[in-house]
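Enquirer:
2 protein chains.
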Amino acid sequence: MCKGDDVHCPHFEEHYATFKEDMNAERRSFLRSGLFAAGGLSAIGAAGGLSLVTPTLAQASEARQPEKRAFHYLPANSDTVHWGYFSKTLKPQVECDSGDIVTIETLTHHAGDDTERMVEGDEGAESVYLWTKDKKGVDRRGAGSTDPNVYKIGSGDGQGVHIMTGPVHVRGAEPGDVLEVRILDCVPRESGNPKYAGKSFGSNAAAWWGFHYNDMLNDAKREVITIYEVDASGSKSWAEAVYNFKWVPQTDPFGVTHTTIDYPGVPVDHSLTTRNYDVLKGIRIPIRPHFGTLGVAPAEADFVDSVPPSYTGGNVDNWRIGKGATMYYPVSVEGALLSVGDPHASQGDSELCGTAIECSLTGTFQLILHKKADLAGTPLEELKYPMLETQSEWLVHGFSVPNYLKELGATAQSDIYSKSSIDAAMRDAFRKMRKFLMTTKGLTEDEAHSLMSVGVDFGITQVVDGNWGVHAIIRKDIFAGRA
Amino acid sequence: MCKGDDVHCPHFEEHYATFKEDMNAERRSFLRSGLFAAGGLSAIGAAGGLSLVTPTLAQASEARQPEKRAFHYLPANSDTVHWGYFSKTLKPQVECDSGDIVTIETLTHHAGDDTERMVEGDEGAESVYLWTKDKKGVDRRGAGSTDPNVYKIGSGDGQGVHIMTGPVHVRGAEPGDVLEVRILDCVPRESGNPKYAGKSFGSNAAAWWGFHYNDMLNDAKREVITIYEVDASGSKSWAEAVYNFKWVPQTDPFGVTHTTIDYPGVPVDHSLTTRNYDVLKGIRIPIRPHFGTLGVAPAEADFVDSVPPSYTGGNVDNWRIGKGATMYYPVSVEGALLSVGDPHASQGDSELCGTAIECSLTGTFQLILHKKADLAGTPLEELKYPMLETQSEWLVHGFSVPNYLKELGATAQSDIYSKSSIDAAMRDAFRKMRKFLMTTKGLTEDEAHSLMSVGVDFGITQVVDGNWGVHAIIRKDIFAGRA
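Heads up: the protein sequence lines correspond to chains A and B, in order. Numbering follows the working numbering, in which position 1 of the first sequence is assigned residue number 4; successive positions increment by one, without gaps. Numbering follows the working numbering, in which position 466 of the second sequence is assigned residue number 469; successive positions increment by one, without gaps.
(1) With 7 Å as the limit, tell me which residues of the segment 135 to 155 of chain A have their beta carbon closer than that to any beta carbon of chain B; keep them in chain order.
(2) Do Y231 (chain B) and A376 (chain B) have their CB atoms nearer than 9 Å?
(3) Could you tell me which residues DSSP pairs with E85 (chain B) in its beta bridges?
(4) Answer with yes or no whether the minimum CB distance from C356 (chain A) to chain B is below 9 Å.
(5) Kindly indicate if chain A contains any beta-carbon less than 9 Å away from that of I286 (chain B).
(6) Of all the CB atoms in chain A, is at least one closer than 9 Å to the CB of V227 (chain B)?
(7) Rounded to the nearest angstrom, what separates T447 (chain A) and R120 (chain A) at their Cα positions?
(8) Do F461 (chain B) and P353 (chain A) have their beta-carbon atoms positioned less than 9 Å apart in this structure?
(9) Based on Cα-Cα distance, which residue from B:A128, B:A28 and B:P58 lies nearest to P270 (chain B)?
(10) Taking the alpha-carbon of T109 (chain B) as reference, which of B:A79, B:V97, B:D116 and B:C99 has the nearest alpha-carbon?
(11) According to DSSP, which residues form a beta bridge with N247 (chain B)?
(12) When you compare the CB of E410 (chain A) with every CB in chain B, is at least one pair closer than 9 Å?
(13) Which runs of the beta strand (DSSP E) fall wholly inside the segment 349 to 416 of chain A and span at least 3 residues, in chain order?
(14) Within the same chain, show all residues whose beta-carbon is closer than 6 Å to that of A244 (chain B), passing over the 5 residues directly before and after it, in chain order.
(15) Are there three or more Cβ pairs, one per stretch, closer than 8 Å when the segment 322 to 333 of chain B is compared with the segment 427 to 446 of chain B?
(16) Since A359 (chain A) meets chain B, which of its residues come closer than 8 Å, beta carbon to beta carbon?
(17) Under 8 Å between beta-carbons, which chain B residues line up against G462 (chain A)? List them in chain order, please.
(18) For T21 (chain B), which of helix, strand or coil comes out of DSSP?
(19) Among residues of its own chain, excluding the 5 on either side of T92 (chain B), which ones have a beta-carbon nearer than 7 Å to its beta-carbon?
(20) How many angstroms separate the CA atom of Q350 (chain B) from the CA atom of V233 (chain B)?
(21) Would you give the residue range spanned by the alpha helix (DSSP H) that D460 (chain B) belongs to?
(22) List the DSSP bridge partners of M330 (chain B).
(23) When the Cα atoms are used, what is the spatial distance from D180 (chain A) to V84 (chain A)?
(24) The segment 200 to 219 of chain B: which residues have C-beta closer than 8 Å to a C-beta of chain A, in chain order?
(25) What residue ranges within the segment 126 to 181 of chain A form continuous beta strand (DSSP E) runs of no fewer than 3 residues, ordered along the chain?
(26) In chain order, what residues of the same chain lie with their CB nearer than 6 Å to the CB of D125 (chain B), ignoring the 5 residues before and after it?
(27) Can you look up P58 (chain A) in the DSSP assignment and give me helix, strand or coil?
(28) Does any residue of chain A bring its CB to less than 9 Å from the CB of D449 (chain B)?
(29) Does the beta-carbon of V404 (chain A) have 16 or more other beta-carbons within 10 angstroms, so that it is buried, or is it exposed?
(30) What is the DSSP secondary structure of G51 (chain B), reduced to helix, strand or coil?
(31) Give the residues of chain A in contact with P289 (chain B), contact being defined as C-beta atoms less than 8 Å apart.
(32) Consider the Cβ of Y332 (chain B): report whether some Cβ of chain A lies at a distance smaller than 9 Å.
(33) Within the same chain, show all residues whose beta-carbon is closer than 6 Å to that of A49 (chain A), passing over the 5 residues directly before and after it, in chain order.
(34) What does the alpha-carbon distance come out to for the pair P311 (chain A) and C356 (chain A)?
(35) With a cut-off of 9 Å, does the C-beta of V473 (chain B) fall near any C-beta of chain A?
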C-alpha cells in the first residue's frame, strides 16, 4: 500500500499528507524522548550540556534554517543509487535545507543471495538488480575501473560493495561544518513478492573477508550464506534463520564466473546450490535495525571504496546507529553529500563472519547543519570523526588508520586492507575519547585517563572492513550531577 | 558492628546465626532470580539447558554433597592472604565441601595510596599493610625471588600485585573437574577509621603499565592516583572522586625508593605529595562491584604472578564478575585452591589506565564441585577456560595467549608481557565462542559462524594485564525458543 511514497497511487496526495503528519509526530517524539533521557531542557542547561548541541548552538543553527521545513522522499532505484563507493562527483538526488526531513529507502547489496525473497516484485530492487546478458541496472559496482580493458570481474571491480542511496546535498554545507543526522525511524522493507507478503528477509554471508575465514576447523575453506526472516510487523523482536547454503561458483549474466563472493549483486542460481533448511532451529536473533554505512563524501578522492570506514563515517558498522540515534559528521565537501546504505536487521559487535543480517530498510532522517562559525566553544568544534549519540550514551569511533585516505597516500585504498588491527583501532578510540572528555567536558588529561578506566567501555565494532573499528562508550548520566 | 564475623563480639553466636539465615535467604533469592530469568525450571528442561549446569548434572553434583551445608567465614589478615601470586603450594585457609558457602573478605592492594582512609582502624588491613623498618606484615609480594641477594626492590619483587585471600580447598576436587563459583553477594568494606565511618574508599592509579602511559600529551610521563569515595550504604549507585595526586618517589620503611609504582603496598607519604581536591567535580561513576582476580591455582608452576589472567581465571578483570554472576573454572590441582582478591568498586571495559576503582570488598560465594565423571555430554565437559554466566548472558574470555604458562615454556611469566595483543585475544575469544556454541548448543560450525556475526558482542576486557583480554557475550534469550 502507498504510504505517501508512491506517486502513481490515486490517493498519493492524501497519503503523503498523512505521512508528513506522522513524520512530524515521530520527530516530536524523538526530540521529547531525547530530552527526557537527559532530564529535560532545563537539566540540559544546568548540566552544562547533556546533548552535544548546546542550546546556543541549537538556536544559532535553527536561525539559519528556512521558516518552513520540507519533507523529501528518496526511493531506491537504479537512478537514485550508486553502488560500492562514496563520491564527491555525484549528482545529488535530493537537495534539502538544514532542518529538513528526508525519508530514504536503502537496499541490501546481498539481495542477490535470494532474489525470489528480496528482489522479485519490488520495483526499486528489480531496477537496481537488473542484469541481463546485455545490460545491468547499475553498471559500476565499486571504486575500481569502469574500463572493460582494465577491470577484471566487472565495472568498478567490486572494490566497494554497498548499494548507497543518495547523495543528499544539504544547502550551505561547507568543509569545516558539522552535519547532524537524526535517525527518526528505521523499518524493514517488506518483500515485494506476494508469496512472502508482510515478511522481510536478510542475508548473512560468512565470506572470505570474515575474521573466521582462515581459521576454520580442519583447514576448510568455504563461504556459507544464511537467509534470515525478519519480522516487519513489529510484533516480534527477533529474526530467525530460514535456510543456508554453501557458495558454489556462479556465472553472472555477462559470463564471468565468481568462485568466491567477489562482486556484489551476482544473482545466485539456486539450481546450483543445496539449500539446508535445518539451520539454527529455535534460535531467535534480537533485532537491531541500523544502517551499516551512513556518511558524507570525503574530499580526498573522487571515488572511494565503500568498505573501509573513515573520518567521514561510511561503513562504521555500529549496530547502535539505528532509530533514536544521532550521528555527527565533519563535512568534507560542499553540500556534505550524505549517502545511506548497507542496511542491517541485526549485527553483533565485531560483525565476525563478514556481514550482518543484510536486510533492506527505509530510514527517516532529519538533517541539521551546524556552521563552522557557530561551533567555536561547543562540543562539536573541530570534530574530526564520526560521533554517535544515543539517548543515553556518547560513542567515539576509533579505526586502525583514522583518516586512511590522507595518511596512506596515493595507494591508500588498497593499502588499508593490510593495516587491519584492533590494537591500532583501540589506540585511536582511546585518543578520541580522551580528546572528547577534555574538549567537550572540560576535564584535565589526568581526569580523562581516570574516568576512561573506571567509566568508559571499549568494544570491538568490526573486524571485517579493512579499517577495523573499536568504539568507546560513555554514559550520559555520569555527568548528570554536574553543577 | 559484628555481622557474625567477629569472634570477639559478645553476641557472636547470635549474630552468626542471623548471618547464616541471611545467607540462606540470599542463596535462595539468587537461585530463584536465576531461574526466573531463564523462565523457570520447566523452561530450562524444555529449552535444553538455559543454565550451563543441566538438571542431571545438578542432581549428580548435589548427590555428592554432604547432607548439611556449612558456612565459612574467611577474614582478610596477614595470616589469611598471599600477596601477588597464585600457588598450588599454599596451605588452605578454609577446607570446605561442595555446596558450602564461604564469605571471604578481600583487601585492595592500593590501600597504601591513602592509608588514613583505607587501612587505619581496620584490624585486618593493618595487619596486612604493617611495614616498619624491621618487619612487614606480609613479606613476600609477588612471584619473584624471596632471597634478599636476588630480588631488587623487595621480597617477591612485585612480580604480581594482588592481595589474595585464601586459598579455599574444596574437598574432593581434582584436575579435570569443574568448580562452579556463585557470587551470592559482594559489598564494599567500610573504612575502619572513625573519621570516615560509614564510608568506603578506592584508589585508581593511572600507572606505567596503563594503555595510555606512553601516549600522553606533550610526551609527558607521570603516574597519577585518584582516590574515590564509594557509597557503602546502597543508597547511591555511584562513586565520586575525592582528590588526586601525582606519584612522587616514595621510600618504603626498608629504605628502598620507588620512583614509580613498582612494588605493592608502599605506604604513600602524603607530606611529599600535592593533593588536588578539584577533581572530576560532579562526575558520578556508576558502581559495578566485582572481583578483578578470582580463580584457582594452576598446576604449571609453584608461584604464578597474579597479573596475567589464564585458563584458571585469576586476573580476568571483567566487571561482570559481581553479585549474581557465576564463574566456572577448570580445576587444575587437587582441592582447586580458590583465591580471591583485586576487589573493584567499578571498572570500564579495557581498564584503560591500568587499574579500576580498587576498593576492598567482601564476597559471599557458594562453591559447587562438578566431578569429571559427571560432565560427559554436558556443556561443562572439557571446559578449558574461565567461563562466566550472568542471569541473562554467557561469556567466554579470550586472551592473547590462552594458557601462557604452558605455551610459552620456562620463561612464560616474563615473556607474556611482550605478547600483549587485542588482535590475538580476539582470535582466542572467537575460537572459544565457536567451541561453546558447537559443543554446548549443538550448532554446526557454519551455524556458529553466522550466529557469532549477528548475535554475539565482542568487547575489550582489559589491555593492562600482560595477557590482554577480549570477552564474547551471548544472550541466553537467543535460545529461549528452542524446542
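By construction, the Cβ of each residue, glycine as well, lies at the ideal position given by its N, Cα and C atoms.
Expert: According to the structure shown:
(1) Within the segment 135 to 155 of chain A, contact with chain B at the beta-carbon level (separation under 7 Å) is assigned to no residue.
(2) On the second sequence, residue 231 (chain B) is found 228 positions in, with the first residue counted as 1. On the second sequence, residue 376 (chain B) is found 373 positions in, with the first residue counted as 1. Not closer than 9 Å, so no.
(3) To locate residue 85 (chain B), count along the second sequence from 1; it is residue 82. Rather than Glu, the amino acid found at residue 85 (chain B) in this sequence is His. According to DSSP, H85 (chain B) bridges with B:M167.
(4) Taking the first residue of the first sequence as position 1, residue 356 (chain A) is located at position 353. Look at C356 (chain A): its C-beta is under 9 Å from a C-beta on chain B.
(5) Along the second sequence, one-based indexing puts residue 286 (chain B) at 283. Contacts with chain A at 9 Å (Cβ-Cβ) include I286 (chain B).
(6) Counting from one through the second sequence, the residue named residue 227 (chain B) turns up at place 224. Output row for V227 (chain B): interface = yes.
(7) The count along the first sequence starts at 1 and reaches residue 447 (chain A) at position 444. The count along the first sequence starts at 1 and reaches residue 120 (chain A) at position 117. Spanning the alpha carbons of T447 (chain A) and R120 (chain A) requires a straight line of approximately 55 Å.
(8) Along the first sequence, one-based indexing puts residue 353 (chain A) at 350. Along the second sequence, one-based indexing puts residue 461 (chain B) at 458. Just to set this straight, residue 353 (chain A) is Ser in the shown sequence, not Pro. Cβ atoms of S353 (chain A) and F461 (chain B): closer than 9 Å.
(9) Taking the first residue of the second sequence as position 1, residue 270 (chain B) is located at position 267. Comparing Cα positions, the closest option is B:A128.
(10) Reading the second sequence from its first residue, position 106 is the one you call residue 109 (chain B). For the residues B:A79, B:V97, B:D116 and B:C99, the minimum Cα distance to T109 (chain B) belongs to B:A79.
(11) Here the question's residue 247 (chain B) lines up with position 244 in the second sequence. Looking at the DSSP assignment, N247 (chain B) forms a beta bridge with B:T229 and B:N279.
(12) The sequence position of residue 410 (chain A) within the first sequence is 407, counting from 1. It does not: the Cβ of E410 (chain A) has no partner Cβ on chain B nearer than 9 Å.
(13) As far as the segment 349 to 416 of chain A is concerned, its whole beta strand (DSSP E) runs of at least 3 residues are 364 to 373, 390 to 392 and 396 to 402.
(14) Translated into positions along the second sequence, residue 244 (chain B) becomes position 241. Non-local C-beta neighbours of A244 (chain B) in its own chain, meaning closer than 6 Å and more than five positions away in sequence, comprise T229, Y231, V282 and L283, ordered along the chain.
(15) No contact exists between the segment 322 to 333 of chain B and the segment 427 to 446 of chain B.
(16) Indexing the first sequence from 1 puts residue 359 (chain A) at position 356. Neighbours of A359 (chain A) on chain B, chain order: S456 and V457.
(17) Looking up residue 462 (chain A) in the first sequence gives position 459. Those within 8 Å of G462 (chain A) in chain B are D352, D460, F461, G462 and I463.
(18) Position 18 of the second sequence holds residue 21 (chain B). Of the three classes helix, strand and coil, the one that applies to T21 (chain B) here is helix, per DSSP.
(19) Taking the first residue of the second sequence as 1, we reach residue 92 (chain B) at position 89. Sequence-distant partners of T92 (chain B) (beyond 5 residues in either direction) whose C-beta falls short of 7 Å from its own C-beta, in its chain, are D305.
(20) By one-based count along the second sequence, residue 350 (chain B) stands at place 347. By one-based count along the second sequence, residue 233 (chain B) stands at place 230. Cα atoms of Q350 (chain B) and V233 (chain B): separation of roughly 13 Å, rounded to the nearest angstrom.
(21) The count along the second sequence starts at 1 and reaches residue 460 (chain B) at position 457. First-last for D460 (chain B): V459 to Q465, but that is the beta strand (DSSP E), not the alpha helix (DSSP H).
(22) Residue mapping note: residue 330 (chain B) aligns to position 327 of the second sequence, counting from 1. Under DSSP, the beta-bridge partners assigned to M330 (chain B) are B:V184 and B:L391.
(23) For the purposes of this step, residue 180 (chain A) is identified with residue 177 of the first sequence, where counting begins at 1. For the purposes of this step, residue 84 (chain A) is identified with residue 81 of the first sequence, where counting begins at 1. Roughly 25 Å separates the two Cα atoms.
(24) For the segment 200 to 219 of chain B, the set of positions with a beta-carbon nearer than 8 Å to some beta-carbon of chain A reads N207, A209, G213, F214, H215, D218 and M219 in chain order.
(25) Runs of the beta strand (DSSP E) lying entirely within the segment 126 to 181 of chain A and spanning at least 3 residues, in chain order: 166 to 173.
(26) To locate residue 125 (chain B), count along the second sequence from 1; it is residue 122. These residues qualify, in order along the chain: G195.
(27) Along the first sequence, one-based indexing puts residue 58 (chain A) at 55. Reduced to three states, the DSSP call for P58 (chain A) is helix.
(28) Here residue 449 (chain B) corresponds to residue number 446 of the second sequence, with the count starting at 1. Nearest CB-CB separation between D449 (chain B) and chain A: below the 9 Å threshold.
(29) Here the question's residue 404 (chain A) lines up with position 401 in the first sequence. So V404 (chain A) counts as buried.
(30) On the second sequence, position 48 is the one that residue 51 (chain B) refers to. Confidence at G51 (chain B) is low in this model, with a pLDDT of 39, below 50, so its placement is unreliable and no value can be given for it.
(31) As a first step, residue 289 (chain B) is located in the second sequence; it is residue number 286 there, counting from the start. Chain A residues near P289 (chain B): G458, R478, D480 and I481.
(32) Sequence index remark: in the second sequence, residue 332 (chain B) carries index 329 (1-based). Output row for Y332 (chain B): interface = no.
(33) In the first sequence, counting from the first residue as 1, residue 49 (chain A) sits at position 46. Here the model assigns A49 (chain A) a pLDDT of 34, short of 50, so the residue's position is not dependable, and the following value carries that caveat. Nothing meets the Cβ criterion.
(34) By 1-based counting over the first sequence, the position of residue 311 (chain A) is 308. By 1-based counting over the first sequence, the position of residue 356 (chain A) is 353. Each residue's alpha carbon lies about 16 Å from the other.
(35) The count along the second sequence starts at 1 and reaches residue 473 (chain B) at position 470. So, interface residue.
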